[in-house]
Amino acid sequence: MEAFDYILSISKVVLILVGVIQVVPIMIYVERKVAALIQDRPGPNRVGPLGLFQPIADAVKFLFKEDPIPLNTNRFLYTLAPFLSLLPACLVIAALPIADKAILFGREIYIQITDLDVSLIYILAIGSLGVYGILFGGWASNNKYSLIGSLRSASQMVSYELPLGLAVVGTVMVYGTFSLREMVLQQEGTFLGFLPNWGIFYQPLGFLVFLVASFAETNRLPFDLPETEAELVAGFHTEYGSMKFATFFMAEYMNLATMAGLMTVMYFGGWHLPWVKDSQLLEWLGSQNLLCIVQIITYIVKVAFFLFLYVLIRWTLPRFRFDQLMELSWGSLIPLGLINILLSAVIMYFTGGKV
Amino acid sequence: MKEAAFAFFSLFTLLTAAGVVLSRGVVYSAFNLVLSLFGLAILYLLWGASFISMIQILIYAGAIVVLFVFVVMLLNLEKPQDIAPPWIRGILTGVSVWGLCFILLRVFSRSFGEMPSVEPQKASVRMISQLLFSQYLWPFEILTVFLLALIVGIYMLARPERETPHESP
Amino acid sequence: MENLIALAVLFAVALLLCGAILAITQILGPKNPVPERLGTYECGVKPEGNPRIPFKSSFYLIAVLFLLFDVEAAFFLPWALVYRDSISAGPELLWALLVYLGLMAVGLFYILRKKILKLN
């Protein structure tokens, strides 16, 4: 590898990471505005036009706040915990294929940080490390609420990792690969003549299981038992303040973006426009780079749709009770995931490999 | 480049593994264990065994250590307790370390020489899968029966009592 | 190898980001530690006893069951990878799945029947 490749690699990483981090302020704004809309109040409207600069003001405020470390905590783990959440959230982005390729400086550049042959398991595996930030954070805080919150949260996250893994198995069966890039490439064109050739039409049950499990995995509201305000003050981050508190939130929103991105890739054709083949589009646009931009926009629109869905559901559904939560995972989602695998296997067998 | 990365992560894995044993708090031990297992996964990745590497993170770093941390939190083991006088512990440690070394050396000395020579880059996921579900199909199915037995066994060992002294969290 | 370098770069950048966040708050934030601020926050009530209270064993059971089922689920992944291409060769892999799935379902049914996960 030459120096040029390194520069390319670094710039790609920085661009994609910065791009994904942008999800955080945008989501905070959208979430507050939608909440306001649903609860019939104006929402943020003081900073900038329509309150658009509110997230920036929030960020600046977080940065200028005092960052105290309570005396009874385990200082080392207390300081480390938010970053143990953020680090996996940053790392999982690597496997998401955002668009096909661009041609710059006479080279083909894939719009994806790395194309591992096991990128799907990579996301599941690194994602499963996110639980440590919550566990250690809750334990190090030396606070009863934090400890209970973190234990609940950890049991929830591990219980919903299973349905997530099982739902993914169905998709792997259909496409016969772990590489997300290859998965997207196989979703081009039409299915049965009139539907887009997307994963959701092959794996409707798998998608449902994945969607529900992804809510729980990211600790979003119908499943936000770790932070039930009424019972546990703020759950595992009760003792956190300033930017450390914000770091937990950054990690949460980035995980949300990853889940939305993964759903887009596995079930909604990734960067493909519905019905249109890339080769036709290339002929029409006449340039690979232009096509790449169209693909990136398509991908972002699809991800934005799922993020908006997350926000809508957060503000419309009430919270589960803890035993209902466990019952839903072990009693419904895991059996459904197994049934999905069985059905897909049998159907694939009788149609000879094409679902 | 690759050698340097390999040396660095080997050292990292060994140091954190030492940290597991030497840490005073049990939670710090668990934390070091996560780092050590993660380092091992990176070593696998450098050898080209990407599937094993990911499974290493998914199962070991992501599930087994979570279990350890749960136990630490549940039992509230902040400081290790002295279960026996130092000389008994010394003897026990010595015997178990010696036994472990013996077994490991035994296994290594037997398997050297008859190691199947597979090019590391070619040992892909697909190859592992094909071997697992053709040549090793029966061991695989028997393993499932073991797992089932484990589920039943764990229930028998840890089944919740009828009356619990603490109010539920 | 190129893949790994990209990963390493991402890891380094992410670490840098974490370090920057930590450093910036340390530099910009005021420092005015007062005892009230550094105490444990339990809604204004003085903390009683050891916060690291023992828990019900149900949480432990969840963790162990998760571990076992995670191992079982992990075995689905290599199977799923080769299944599509093996269909033309015969139903061996389908049978392998049916046996495996059957045993796993028995385990799941067992823990659901025993109501282990009823935490209250």
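Sequences listed follow chains A, B and C, in order. Counting from 1, position 13 in the first sequence corresponds to residue -3 in this note's numbering; the numbering is continuous, with no gaps. For this note's numbering, count along the second sequence from 1 and bump the result up by 40. For this note's numbering, count along the third sequence from 1 and bump the result up by 52. We put the beta carbon where it would ideally sit given N, CA and C, even for glycine.
Within chain A, the residues that residue i reaches when beta carbons sit closer than 7 Å
i	result
residue 94/B	102, 105, 106, 109
residue 166/C	Near residue 166/C there are no residues of chain A at all, since even the closest Cβ is about 11 Å away, more than 7 Å.
residue 180/B	Within 7 Å Cβ-Cβ: nothing; residue 180/B doesn't reach chain A, min ~16 Å.
residue 90/B	100, 101, 102
residue 125/C	146, 149, 150
Separation of residue j from residue i, as counted between CA atoms
i	j	result
residue 263/A	residue 83/A	14 Å
residue 65/B	residue 138/A	21 Å
residue 71/A	residue 41/A	24 Å
residue 73/C	residue 145/B	47 Å
residue 276/A	residue 195/A	28 Å
residue 44/B	residue 69/A	28 Å
residue 56/B	residue 70/B	10 Å
residue 240/A	residue 295/A	10 Å
residue 197/A	residue 143/C	31 Å
residue 171/B	residue 136/C	16 Å
residue 285/A	residue 117/A	31 Å
residue -12/A	residue 89/A	10 Å
residue 97/A	residue 7/A	18 Å
residue 133/B	residue 58/A	30 Å
residue 384/A	residue 117/C	One cannot answer for residue 384/A here, as it falls past the ends of chain A, which runs -15 to 339.
residue 166/A	residue 152/C	28 Å
residue 76/B	residue 336/A	44 Å
residue 146/C	residue 182/B	17 Å
residue 149/B	residue 135/B	21 Å
residue 310/A	residue 135/A	13 Å
residue 56/C	residue 102/B	21 Å
For residue i, the residue or residues it bridges with in DSSP
i	result
residue 352/A	Chain A is shown from -15 up to 339; residue 352/A falls before or after that span and cannot be answered.
residue 175/A	179/A
Neighbour flag for residue i against chain A, beta carbons, 9 Å
i	result
residue 177/B	no
residue 78/B	yes
residue 48/B	no
residue 185/B	no
residue 207/B	Only weak support exists for where residue 207/B lies, its pLDDT of 48 falling under 50; the coordinates are left without a value.
residue 97/B	yes
residue 54/C	yes
residue 150/C	yes
residue 135/B	no
residue 62/C	yes
Under 9 Å from the C-beta of residue i: neighbouring residues of chain B
i	result
residue 309/A	Simply none; closest approach about 14 Å.
residue 119/C	99, 103, 104, 106, 107
Residue i Cβ short of 8 Å to the ligand SAH heavy atom set
i	result
residue 113/C	What this structure holds is no ligand at all, so the ligand SAH is not there to describe.
Within-9 Å CB hit, residue i to chain B
i	result
residue 314/A	no
residue 120/A	yes
residue 172/A	no
residue 80/C	no
residue 140/C	no
residue 131/A	yes
residue 158/C	yes
residue 246/A	no
residue 116/C	yes
CB contact below 9 Å: residue i versus chain C
i	result
residue 24/A	no
residue 101/B	no
residue 53/B	no
residue 135/A	yes
residue -7/A	yes
residue 138/A	yes
residue 173/B	yes
residue 185/A	no
residue 194/B	yes
Proximal chain B residues relative to residue i, where beta-carbon distance stays under 7 Å
i	result
residue 123/A	67, 113
Contacts of residue i in chain B (Cβ-Cβ under 8 Å)
i	result
residue 115/A	102, 106
Beta-carbon neighbours of residue i, restricted to chain C and to distances below 8 Å
i	result
residue 63/B	Those within 8 Å of residue 63/B in chain C number zero; the least Cβ separation is about 17 Å.
residue 28/A	Under the 8 Å cutoff, chain C gives no residues; its nearest Cβ is about 23 Å from residue 28/A.
residue 210/B	An answer regarding residue 210/B cannot be provided, because it is not within the stretch 41 to 209 covered by chain B.
residue 300/A	Ordered by position in chain C, no residue passes the 8 Å Cβ test against residue 300/A, which lies about 26 Å from the chain.
Amino acids of chain C, ordered along the chain, whose beta-carbon sits closer than 7 Å to that of residue i
i	result
residue 150/B	The contacting residues do not exist; residue 150/B stays about 27 Å from chain C at best.
residue 110/B	111, 112, 115
Contact list for residue i against chain A, beta-carbon separation under 8 Å
i	result
residue 164/B	101
residue 74/B	113, 116
Every unbroken alpha helix (DSSP H) within the segment 247 to 308 of chain A, with a cutoff of 4 residues, ordered by chain:
262 to 269, 272 to 300
Going residue by residue through the segment 45 to 131 of chain A, where are the continuous alpha helix (DSSP H) segments of at least 4 residues, counting only ones entirely within it?
59 to 75, 103 to 112, 115 to 124
Output the residue ranges of the alpha helix (DSSP H) runs that lie fully inside the segment 2 to 50 of chain A and measure 4 residues or longer, sorted by chain position.
7 to 22, 38 to 47
Can you list, in chain order, the stretches of the alpha helix (DSSP H) that have 4 or more residues and sit fully within the segment 102 to 145 of chain B?
105 to 115
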